[in-house]
Amino acid sequence: MSEVKYSKLQAKDSCESSALPSSLSFDDGDRIPDLESDEYCTVSQFTQYLLIYTTFITLCFLVLLSFLATVAFRGDCVFEDRPSDILSPLDSSYSPAKSALSRMTVKSAQYDEAMGGMPSKEHDEKWLNLVTPALMRSSYEEMSLAGENPEQSVDMFEGGGYMTSLGVYHELHCLRRLKLYLHSYHYYPHLSTSPADPENAYELAHLNHCIESIRLSLMCAANVALYSFQWPEEGEEHTRKPKTKTNSSRVCVDWERLDSWTRERGVGLQPRLKHPRNPAEK
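With the numbering used here applied, the sequence shown covers 63 to 344.
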């Protein structure tokens, strides 16, 4: 019976060639070489090395991909409790206050009972202090970059510039007016509740504008912190309805930093202004 003969590869102490055998013969008496000898290079050895190398590269790629996916999915937690000056690349609008913006992660439910409570001296002082920087000074260039027409805006009587306000302070002013009207028995004891009363009609129109401003701002910011519900404890009021609760976090502006920046530009709640009919008139 004939035997298959593989030609010997030219090899020294180790396999240096991956070429296939150059010829095959079926002559009787030829011996079958020892394929485990160092002087022979087999295709299976090369395949094993290639498989190990490919597996290593694939694992490295999968580890890197997994890391990048984790960072993308939990990006809001990577810098948790640390301020960041990086704003969304989608926000291309201009504001002179952007240099004062930084972000930080806070708990969603951090309530100030003094600001949310019933009318009191402390309550009034806190709200008044909150809206004090509502009016500030801006330059001609800042007005133009923000899309505001300086020629149709109110000039400051002293120090130059124009009377302006950041949107957040306009909305805080609106919220305060709603708060005052909610407790009109305390703040407006002589205000008529009739919609036909001119003073009350003006206030209602003002508050309807305020509600719309706050609605737009809330939907723009879109707080997406998760809230859940629980049944009230026995003895609590309205025990038949679930009440909201949350232990979630959300990313917020560093308010103290923004507030400090605004107060440096503040002109008070009753600044002197130039009137178009009388430049010296307040």
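For every residue, glycine included, the Cβ atom is placed at its ideal position computed from N, Cα and C.
Start-to-end residues for the alpha helix (DSSP H) that takes in residue i
| i | result |
| --- | --- |
| Ser322 | 317-327 |
| Arg56 | Because the chain in this structure spans residues 63 to 344, residue 56 falls outside the shown range and cannot be described. |
Where residue i falls: helix, strand or coil (DSSP)
| i | result |
| --- | --- |
| Tyr224 | strand |
| Leu335 | strand |
| Asp174 | coil |
| Val313 | strand |
| Tyr249 | helix |
| Glu210 | coil |
| Tyr115 | helix |
| Ala162 | helix |
| Thr120 | helix |
| Gly330 | coil |
| Pro195 | helix |
| Thr255 | coil |
| Val125 | helix |
Alpha carbon of residue i to alpha carbon of residue j, nearest angstrom
| i | j | result |
| --- | --- | --- |
| Lys183 | Tyr231 | 22 Å |
| Asn262 | Tyr247 | 13 Å |
| Phe291 | Glu175 | 21 Å |
| Gly209 | Ser154 | 13 Å |
| Ser200 | Gly229 | 14 Å |
| Pro257 | Leu234 | 25 Å |
| Cys219 | Gly328 | Checking the displayed sequence, the identity of residue 219 turns out to be Phe instead of Cys. Cα-Cα distance, rounded: 14 Å. |
| Asp89 | Leu112 | With a pLDDT of only 44 at Asp89, under the threshold of 50, the placement of this residue in the model should not be trusted; the figure read from the coordinates follows. So the two alpha carbons sit approximately 35 Å from each other. |
| Leu253 | Gln332 | 24 Å |
| Leu278 | Ser206 | 24 Å |
| His185 | Lys336 | 34 Å |
| Leu121 | Ser128 | 10 Å |
| Asn285 | Arg312 | 8 Å |
| Trp317 | Thr167 | 12 Å |
| Tyr115 | Thr109 | 10 Å |
| Gln172 | Asp259 | 39 Å |
| Pro158 | Glu204 | 7 Å |
| Asn270 | Arg334 | 29 Å |
| Asn309 | Gln214 | 47 Å |
Residues bridged to residue i [DSSP beta-bridge criterion]
| i | result |
| --- | --- |
| Gln292 | Lys305 |
| Ser200 | Tyr224 |
| Met180 | Partner(s): none; Met180 has no beta bridge. |
| Met218 | Leu335 |
Host beta strand (DSSP E) of residue i (start-end)
| i | result |
| --- | --- |
| Arg165 | 165-169 |
| Met281 | Careful: Met281 lies outside any beta strand (DSSP E), inside the alpha helix (DSSP H) at 260-283. |
Buried versus exposed call for residue i [16 or more other C-beta atoms within 10 Å across all chains shown]
| i | result |
| --- | --- |
| Glu249 | Looking at the sequence provided, one finds Tyr at residue 249 rather than Glu. Tyr249 comes out exposed. |
| Thr324 | buried |
| Pro195 | buried |
| Leu221 | The residue you asked about is not Leu; residue 221 is Gly in the sequence shown. Classification for Gly221: exposed. |
| Thr226 | buried |
| Leu266 | exposed |
| Met198 | buried |
| Gly178 | exposed |
| Cys236 | buried |
| Gly223 | buried |
| Cys272 | buried |
Heavy atom of the ligand HEM within 8 Å of residue i beta-carbon
| i | result |
| --- | --- |
| Ala283 | Judged by which ligands are present, the structure shown has none, so any question about the ligand HEM falls away. |
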